[in-house]
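Below is one structure, written out as structure tokens; comments come after it.
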Amino acid sequence: MYTGKSVTTGQPQMSILYEDNHLLGIEKPVNVPTQEDASGDPDLLNLLKSDIKERYQKPGNVYLGLVHRLDRPVGGAMIFAKTSKAASRLSEAVRSRNFDKTYVAVVRGTPPQSQGRLIHHLLKDERTNTVSIVPKGTQGSKEAILNYSVLGTSALDDKLTLVQVELLTGRPHQIRVQMNAIGCPLYGDQKYGSAHNKPGQQIALWSLYVGFPHPVTGDRINLISLPPREHPWNCWEEDLFEKALPIHN
1 MYTGKSVTTG
11 QPQMSILYED
21 NHLLGIEKPV
31 NVPTQEDASG
41 DPDLLNLLKS
51 DIKERYQKPG
61 NVYLGLVHRL
71 DRPVGGAMIF
81 AKTSKAASRL
91 SEAVRSRNFD
101 KTYVAVVRGT
111 PPQSQGRLIH
121 HLLKDERTNT
131 VSIVPKGTQG
141 SKEAILNYSV
151 LGTSALDDKL
161 TLVQVELLTG
171 RPHQIRVQMN
181 AIGCPLYGDQ
191 KYGSAHNKPG
201 QQIALWSLYV
211 GFPHPVTGDR
221 INLISLPPRE
231 HPWNCWEEDL
241 FEKALPIHN
């Protein structure tokens with residue numbers, strides 16, 4: 001397990017969870033795009049490249065491979081590859097489902113079952129940057145699969161539920177769309193839960209854990225990032241999030 005708390009330079013600041021010559025694991029800040037987008041705002045990939053260049057005084061361009069993505073409003077554990085070889089092997093781990101991703105989310109309402117598997121076919125509209133559930137076989141659609149488990153309801157607000165989500169596929173907006181489909185939109189989600197959320201609320205979705213074999217040594221790497229102790233996350237004790245880690249189960 002690697003949970004070091006070195007801090008990168010520059011703004012916004014972010015914690016380094018793991019680093020060696022092949023990998024860089026960080027805690028993504030909320031509301032920072034993973035890569036360049038139409039907003040023109042500073043993006044995580046280029047911020048980290050600049051940080052590596054400065055910290056190691058590297059001349060020329062810095063390589064950093066994007067292995068997986070988090071939506072802009074989502075924070076938590078992410079891994080990047082510092083070499084093309086590592087990027088290729090991690091991408092293969094993703095394709096072969098040997099790359100584990102566990103999230104925690106606060107949802108409105110309570111899922112119909114305490115745990116379950118959701119399978120839908122999703123289609124992304126690039127023009128509006130929205131994802132919809134469509135019938136199987138729809139052109140351009142992709143299968144989306146996740147497992148969820150209810151961790152508890154809030155003692156302060158019984159309309160809020162904390163869930164653990166294990167992604168078996170990595171589709172855009174997957175957790176947000178699939179949880180909304182069972183009547184449980186994410187707290188703060190303005191895109192898929194606007195009828196239940198107020199403008200300005202931060203979406204409550206966090207990348208709790210990323211686990212995979214090291215692309216060179218084969219050792220198991222476990223990245224852990226706990227959500228901040230602020231509303232609505234602080235409706236639950238911190239040890240509940242630790243119990244939600246798959247390496248503790």
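Position 84 (the sequence shown) corresponds to 84 in UniProt numbering; numbering is contiguous.
Cβ atoms here follow ideal geometry from the backbone N, Cα and C, with glycine treated the same way.
Here the structure is a predicted model, which is why all the values come from computation and not from measurement.
Query                                                                                                   : Result
Local Cβ density within 10 Å of R89, reported as buried at 16 or more and exposed below that            : buried
Beta-ladder partner(s) of D100, from DSSP                                                               : G211
When N46, R69, L70, D71 are compared against V62, the one with the closest alpha-carbon                 : N46
Between the CA atoms of Y18 and P215 - distance to the nearest angstrom                                 : 14 Å
For K5, the three-state DSSP class (helix, strand or coil)                                              : Bear in mind that a pLDDT of 49 at K5, under 50, signals an unreliable position, so the number given afterwards is only what the model happens to contain. Three-state result, K5: coil.
Collapsed DSSP secondary structure at M78 in the structure displayed                                    : strand
Stretch-stretch touch, CB-based, cutoff 8 Å, three pairs: the region 49 to 56 with the region 99 to 115 : no
Rounded separation between I145 and G170 - CA only                                                      : 8 Å
Rounded straight-line distance, which links the Cα of L24 to that of T34                                : 14 Å
Opposing strand residues paired with Q164 [DSSP bridges]                                                : V104, S149
Pairwise C-alpha distance: A38 and Y148                                                                 : 32 Å
Helix, strand or coil at I182 [DSSP, three-state]                                                       : coil
Where the alpha helix (DSSP H) containing D51 begins and where it ends                                  : 44 to 55
Check whether V131 and H173 have beta carbons under 7 Å apart                                           : yes
Beta-carbon gap between V32 and L48 smaller than 7 Å                                                    : no
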